[in-house]
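A.B. asks:
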Amino acid sequence: MTRSLPDPVAAAATASPPYRTGDAAKPEDARHLPRVPSGVPGLDQLFRGGFPAERPLVVCGSAGSGKTVLCSQFLYHGAVHHDAPGVFVSFEEPPESLRENLLGFGWDVAKLESEGRWTFVDGTLEGEEEEEVLDGGFSLDGLRARVRHAIERTGAKRVAIDSLATLFMRFPHEGVVRRELACFCAMIRDAGATSLLTAELQHGEVEQTRFGVEEYVGDGVLILRHDLDDLQQRHRTLEVVKLRGGEHATGRFPFSIDRFHGVTAVSVGSLRLGQPSGGERIGSGSDALDEMLHGGFFRDSVTIVAGATGTGKTLTATQFVHGAHQAGERAVFLGYEESRSQLVRNAGSWGVDFEAMEKQGNLRIHCQYPESASLAQHLSGISDLLEEFRPQRLVIDSLSAFRRIGNEHAFRSFMISLTAIIKELQIAGLYTVTSDRLYGAPEATTQNVSTLTDSIILLRYLEDGGSVSRAIGVLKMRGSGHDPAFRRFSISDGGMSISDPVDENARPLSSRGG
1 MTRSLPDPVA AAATASPPYR TGDAAKPEDA RHLPRVPSGV PGLDQLFRGG
51 FPAERPLVVC GSAGSGKTVL CSQFLYHGAV HHDAPGVFVS FEEPPESLRE
101 NLLGFGWDVA KLESEGRWTF VDGTLEGEEE EEVLDGGFSL DGLRARVRHA
151 IERTGAKRVA IDSLATLFMR FPHEGVVRRE LACFCAMIRD AGATSLLTAE
201 LQHGEVEQTR FGVEEYVGDG VLILRHDLDD LQQRHRTLEV VKLRGGEHAT
251 GRFPFSIDRF HGVTAVSVGS LRLGQPSGGE RIGSGSDALD EMLHGGFFRD
301 SVTIVAGATG TGKTLTATQF VHGAHQAGER AVFLGYEESR SQLVRNAGSW
351 GVDFEAMEKQ GNLRIHCQYP ESASLAQHLS GISDLLEEFR PQRLVIDSLS
401 AFRRIGNEHA FRSFMISLTA IIKELQIAGL YTVTSDRLYG APEATTQNVS
451 TLTDSIILLR YLEDGGSVSR AIGVLKMRGS GHDPAFRRFS ISDGGMSISD
501 PVDENARPLS SRGG
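Okay, so the sequence shown: first residue is 1 according to UniProt numbering, each after it adds one.
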């Protein structure tokens, strides 16, 4: 499935570059390396344009990190989208098994084989090559000849070799293997093909490939990790650690693997603050709140509604969706703490008919536990939904739920990417955030999330003459004035009723929440 979303989850690599020579894209600055689209959404941005054309790139990772999937995606994308036939050299899995596994991603390799756009080379060493090893000699001449023949026969522009570890385990002389691999890569380069070579990554005091020499064979090194974080949860990250003669992004970036897209990278480091901003206002769904906002939210704004449990965050989000319905707009409501039936029931109790809005095609409701997927997978799914449904408004209830499945760095990367996507699509976003204090102090917007949003609305409990009431206040609104006062509000069958400013007799509850 190809997506046209902006960076970081856009499949920009599927678009034809302005200048092409075979499979390679010629950069605007001739001093830079020509690049080849990787076929991995978000990854080309980290390589500053794609993989280095007609050069070998080593893909390192532990078992299950996604090396074979990435190599296969690279070959499949080239064959289908760039008229670049590929050759897959496998030392571990037989072609029959690979065909079956890749079909799970929707990649019909058998069809490409029948069309001459994909060729498998079985790298299992048998016969004369095996006898050479037993006699103490070692040469890849036979394998090189087979791969060269496959490249010449099909006109292949992309080659994947999976994996180098098998060669090193079979042959004891690392220096000889390194020399033979250098000759092998030179042959592929001379044939005008771009190659990916997979290698095993070993963890220890110093992170390195299994035999410590594989990375020197390639002109670039990409590391795929699938590590446990401090919450004892596994997260996938990738890192470009080497690229001879070219620039690349630095640092670790989240990525996901799913059956719809294969590998998808979240290239936070390449985001740019270039989205357009306008002055159009939209209603919040509450006339009184619109007055506090001096006319409503901006069309391209992202708002946080923060407060303790039970203060009315979901109600505020429901009114926001109802405001979309009143304006003839479409909305998406993503729930991560309540089921769909609960959301529909609660909305109905406030006079908002979610089911009728769904039947009219103006609303999509999706509910799931955050733990059901990684942050990168959630991001990919959200962006797909936004691209397909094209709503004008998005609600995420609650953003706090995502903090359970990622550390601070992963969560912030997720937030930056999500916010960039909805701003690029000119969607008005509303996130709810749960405070850990009953009085809903500004600390509710932790982990610097508040700096990524345009408006902050705070809901809190008040202690008022021996009873508990609620108050709402606008803490922040970029580009506009707003009512500075906290105002009382109540919740009834008609939803939220905002009234007078809080007087000096009322004060926030100060006890800790449960």
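Even glycine gets a Cβ: it sits at the ideal position worked out from N, Cα and C. Everything numeric in this text was worked out from a predicted model, so none of it was measured.
(1) Quick check: Val89 and Val121, are their CB atoms within less than 7 Å of each other?
(2) Looking at Ala376: is its Cβ nearer than 7 Å to the Cβ of Val266?
(3) Could you name the residues that DSSP lists as bridge partners for Ile456?
(4) Gly78 and Gly86: beta carbons closer than 7 Å?
(5) Measure the beta-carbon distance from Ser455 to Val433 and round it to whole angstroms, keeping in mind my assumption that it falls under 8 Å.
(6) Mind checking who Trp118 pairs with in its DSSP beta bridge?
(7) Checking the sheet assignment: what are the DSSP bridge partners for Phe333?
(8) Exposed or buried, which one is Tyr76 when buried takes at least 16 other CB atoms within 10 Å?
(9) What are the boundary residues of the beta strand (DSSP E) that includes Thr264?
(10) Leaving out five residues before and five after Leu452 in sequence, what residues of the same chain have Cβ atoms less than 6 Å from its Cβ?
(11) Determine contact between the region 243-251 and the region 365-375, defined as no fewer than three beta-carbon pairs at a distance below 8 Å.
(12) Tell me the residue span of the alpha helix (DSSP H) that contains residue 524.
(13) Nearest-angstrom Cα distance between Ser72 and Arg225?
(14) Is it buried or exposed for Ser349, if we count other Cβ within 10 angstroms and need 16 for buried?
(15) Hey, is the region 188-199 in contact with the region 153-161, meaning 3+ C-beta pairs nearer than 8 Å?
(16) So what does DSSP say about Ile257, is it helix, strand or coil?
(17) Here's a check: name, in chain order, each residue in its chain whose Cβ is nearer than 6 Å to the Cβ of Thr314, leaving out the five neighbours to either side.
(18) Can you name, in chain order, every residue of its own chain whose Cβ lies under 7 Å from the Cβ of Leu134, other than the five neighbours on each side?
(19) Helix, strand or coil, according to DSSP, for Glu504 in the structure here?
(20) Only counting the same chain, and skipping five residues up and downstream in sequence, which positions put a Cβ closer than 7 Å to that of Cys185?
(21) Would you call Met169 buried or exposed, if buried means 16 or more other Cβ atoms sit within 10 Å of its Cβ?
(22) Between the C-alpha atoms of Val352 and Ala308, what's the straight-line distance to the nearest angstrom?
(23) Is Leu103 closer than 7 Å to Ser311 when the C-beta atoms are compared?
(24) With burial defined as no fewer than 16 other Cβ atoms inside 10 Å of the residue's Cβ, what is the status of Val468: buried or exposed?
(25) Start and end of the beta strand (DSSP E) containing Tyr431?
(26) Contact check, Phe91 vs Asp23 under 8 Å by CB: the rounded distance?
(27) Would you identify the three-state DSSP class for Phe320, choosing helix, strand or coil?
(28) If you draw a straight line from the C-alpha of Val241 to the C-alpha of Leu33, how long is it?
(29) For chain E, check one thing: does any of its Cβ atoms lie closer than 7 Å to the Cβ of Ala160?
(30) Rounded to the nearest angstrom, what separates Gly328 and Lys476 at their Cα positions?
(31) With DSSP collapsed to three states, give me the class of Ala160.
C.D. replies: By the coordinates alone:
(1) yes
(2) yes
(3) Ile304, Lys476
(4) yes
(5) Contact flag wrong, Cβ pair sits at about 13 Å.
(6) Gly86
(7) Ile365, Val395
(8) buried
(9) 262-265
(10) Met415, Thr419
(11) no
(12) Only positions 1 to 514 of the chain appear in this structure, which leaves residue 524 out of reach.
(13) 18 Å
(14) exposed
(15) yes
(16) strand
(17) Asp397
(18) The pLDDT assigned to Leu134 is 38, lower than 50, so where the model puts this residue is not dependable; a value taken from the coordinates is nonetheless given after this. Same-chain partners within the cutoff: there are none.
(19) coil
(20) Pro56, Ser195, Val217
(21) exposed
(22) 23 Å
(23) According to the sequence shown, residue 311 is Thr rather than Ser. In this structure, Leu103 does not lie closer than 7 Å to Thr311 by Cβ.
(24) exposed
(25) 428-434
(26) Wrong, their Cβ atoms sit about 24 Å apart, outside the cutoff.
(27) helix
(28) 16 Å
(29) Annotation note: the requested chain E is absent from the structure, which comprises a single protein chain.
(30) 28 Å
(31) strand
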